[in-house]
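All you need for the numbering used here is the position in the sequence shown, starting with 1, plus 336.
Glycine included, C-beta positions come from ideal geometry on N, C-alpha and C.
Data first, discussion second: the structure below is written as structure tokens.
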Amino acid sequence: MKSRNTALVLGATGLVGKALVTQLLADPRYTKVTCLVRRPLKHSDYPDVEGKLEPIVIDFEALQDYQGYFNADHIYVCLGTTIKQAKSKTAFRKVDFEYVHIAAQLARAQKVQSFVWISSVGANAKSKRFYLRVKGELENAILNMSGLAHASAVRPSLLLGNRAEVRFLERVGIMFANFISPLLFGRWAKYKPVSARQVAAHMITLQDFTSKRGIQ
337 MKSRNTALVL GATGLVGKAL VTQLLADPRY TKVTCLVRRP LKHSDYPDVE GKLEPIVIDF
397 EALQDYQGYF NADHIYVCLG TTIKQAKSKT AFRKVDFEYV HIAAQLARAQ KVQSFVWISS
457 VGANAKSKRF YLRVKGELEN AILNMSGLAH ASAVRPSLLL GNRAEVRFLE RVGIMFANFI
517 SPLLFGRWAK YKPVSARQVA AHMITLQDFT SKRGIQ
């Protein structure tokens with residue numbers, strides 16, 4: 337029997353999000369890829385030969401009002417910002433914790449097959465670093481959520497890829513990490529820079545394609 341799965345992506349315009357949507361559109365197991373976005377997508381950024389892409393512009397402040405779109409087989413969440421972009425810790429937490437947590441609750445209500453989101457290497461709810469603490473708190477909140485099947489957090493280190501915006505400090509960090517990368521092995525290997533394409537491919541491998549809901 338042929339696998340016919342649907343995917344929902346939040347954060348399709350980011351570095352990993354673009355790579356993920358591109359791979360989902362090329363994956364024969366998917367018949368539809370819905371993206372919830374703040375503004376219209378540039379279709380030229382997403383090769384959609386078979387017409388699978390369905391971008392929906394929404395108000396993330398009212399994310400719970402879009403529960404019907406979470407009736408997909410697999411949910412992918414690539415949402416994320418920086419404190420510099422968000423301009424405050426409160427605004428950062430809204431995107432990186434609240435939006436993702438609400439998405440997990442909506443996915444649970446729709447009884448999705450699986451839910452995968454991007455966290456961060458070093459995520460720890462007890463971390464002194466605000467960024468890592470928020471990521472860790474979110475992991476605890478979602479992974480301890482009863483009734484949400486196959487929830488998985490992906491923990492990349494520095495991401496490699498072409499960004500729309502230039503992040504100077506991140507670029508310096510990547511250059512340094514690439515320099516010492518050959519020395520990172522064993523328990524330190526997780527800190528090696530990783531390409532957005534690799535992260536996206538890993539997210540897809542974590543989804544559950546065995547449920548009968550996705551088989552026709």
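Nearest Cα to Lys420 within the set Asp544, Leu399, Tyr467: Tyr467. The DSSP-derived three-state label of Thr342 is strand. Per DSSP, Lys423 lies in no alpha helix (DSSP H) segment and is marked neither H nor E.
Bridge pairing for Phe451: Ile411, Ala487 [DSSP]. For Ile394, the three-state secondary structure derived from DSSP is coil. The criterion of a C-beta distance shorter than 8 angstroms is not satisfied by Gly472 and Cys414. With respect to the 8 angstroms criterion, Val373 and Lys388 are not classified as neighbours on the basis of their beta carbons. Taking C-alpha positions only, Ala536 is separated from Gln359 by approximately 8 angstroms. In the three-state reduction of the DSSP assignment, Val530 falls in the strand class.
Within the DSSP secondary-structure output, Leu372 pairs in a beta bridge with Leu346, Ile392. Between Asp381 and Ile540, the C-beta gap is not smaller than 8 angstroms, which leaves the two residues out of contact.
Beta-bridge pairing by DSSP links Leu495 to Val530.
As a beta-bridge residue in DSSP terms, Tyr366 pairs with Asn341. Residue environment: Val452 is assigned as buried (16 or more neighbouring CB atoms within 10 Å of its CB, all protein chains considered). In this structure, DSSP gives Glu386 a state outside helix and strand, which the three-state scheme calls coil. Annotation: the continuous alpha helix (DSSP H) that includes Gln441 extends over 436-445.
By the C-beta density criterion, Pro376 is exposed, having fewer than 16 other C-beta atoms within 10 angstroms.
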